[in-house]
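All residue numbers for the sequence shown refer to the numbering used here, where the first residue is 1 and numbers rise by one.
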Amino acid sequence: MQEINGVTLKRYAELICATTDTVTEEEFWQAIEKEGFSRDAWQPVKDGWNAELFKPENYLTLQQEYNNALEEAVEKKNNGNPPCSLETFADLNAQFYYRKDPANNNEVMEYTKVLESNNIAPLKWTEYSAYWAPKTARDEYSQKYYDLLNIASAKDMET
Numbered sequence: 001m002q003e004i005n006g007v008t009l010k011r012y013a014e015l016i017c018a019t020t021d022t023v024t025e026e027e028f029w030q031a032i033e034k035e036g037f038s039r040d041a042w043q044p045v046k047d048g049w050n051a052e053l054f055k056p057e058n059y060l061t062l063q064q065e066y067n068n069a070l071e072e073a074v075e076k077k078n079n080g081n082p083p084c085s086l087e088t089f090a091d092l093n094a095q096f097y098y099r100k101d102p103a104n105n106n107e108v109m110e111y112t113k114v115l116e117s118n119n120i121a122p123l124k125w126t127e128y129s130a131y132w133a134p135k136t137a138r139d140e141y142s143q144k145y146y147d148l149l150n151i152a153s154a155k156d157m158e159t
C-alpha cells in the first residue's frame with residue numbers, strides 16, 4: 001500500500017475524520033496533535049495525499065479507496081451510528097442547490113452560508129457527506145434519499 005511520509009491512505013482518512021468535530025483552527029491543530037502529528041509533519045502528508053487524490057487518473061481508483069476509508073472511519077467514530085439523519089443530509093443538499101440568499105432572492109445562498117445558518121462547521125459536513133453520500137448511491141438508501149431530497153427541494157424552491 002502506498003504511503004506518504006509513512007501515512008497510508010486509510011490512516012489519512014482516519015486523520016481527516018479525527019478533525020471533523022473541530023470548528024476553530026486551534027481545535028483542528030489540537031485534534032491533529034492528539035493523533036500524533038506536529039503541524040510541520042501534517043502539512044506534507046496533507047499536501048501529498050491531496051495531490052494524489054486530485055489527479056484525474058486516480059478518480060476511479062485512489063479516490064474511491066479514500067472515500068471507502070473515510071466512510072469506514074466515520075462509522076467507527078460514531079459507533080456505527082449515522083452522524084446525522086438521512087433526512088438532514090437530504091435537506092442540506094437541497095439547500096445547497098435551491099435555498100435563496102436573503103440578501104439577493106435571485107441567487108442561491110452560498111454553501112458556507114447554508115452551513116452556517118444550520119450551525120454546521122464545514123469539516124462536520126465532511127463527516128455527514130462521507131457517511132451518507134456513498135450510501136445514497138446504493139439500492140438500500142437511494143430511493144428514500146431521492147424522495148427526501150425532492151421533498152426538501154420543493155420546500156427550498158418555494159422560499
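Ideal Cβ positions, reconstructed from N, Cα and C, are used throughout, including at glycine. The structure displayed is predicted, hence computed values, not measured ones.
Beta-carbon contacts of residue i that lie in its chain and below 7 angstroms, excluding the five residues immediately before and after
i	result
GLU136	The sequence given here places Thr at residue 136; Glu does not occur at that position. Closer than 7 angstroms at the Cβ level, and outside the excluded window around THR136, lie SER142, TYR145.
ALA73	ALA13, GLU14, CYS17
LEU86	TRP132, TYR141, LYS144, TYR145, LEU148
Alpha-carbon to alpha-carbon, residue j and residue i
i	j	result
ARG138	LEU62	20 angstroms
TYR66	LEU92	23 angstroms
TYR131	THR112	20 angstroms
LEU70	ALA154	31 angstroms
LEU53	GLN43	15 angstroms
ASN58	LEU123	23 angstroms
ASP40	TRP29	11 angstroms
GLU107	GLN64	33 angstroms
Other residues of its chain near residue i: CB distance less than 8 angstroms, five sequence neighbours each side excluded
i	result
VAL114	LEU92, GLN95, PHE96, ARG99
TRP125	LEU92, LEU115
Where residue i falls: helix, strand or coil (DSSP)
i	result
LYS55	coil
ASN5	coil
ASN105	strand
Proximity of residue i and residue j at Cβ, strictly below 8 angstroms
i	j	result
GLY36	ASN5	no
ALA121	VAL23	yes
THR152	ALA90	Looking at the sequence itself, residue 152 is Ala, so the reference to Thr does not match. In this structure, ALA90 lies closer than 8 angstroms to ALA152 by Cβ.
Beta-carbon separation (whole angstroms), residue i vs residue j, contact threshold 8 angstroms
i	j	result
GLU127	PRO83	5 angstroms
Residue-level contact to chain D via CB, residue i, 8 angstroms cutoff
i	result
LEU53	Considering every chain present, this structure includes no chain D. It has just one protein chain.
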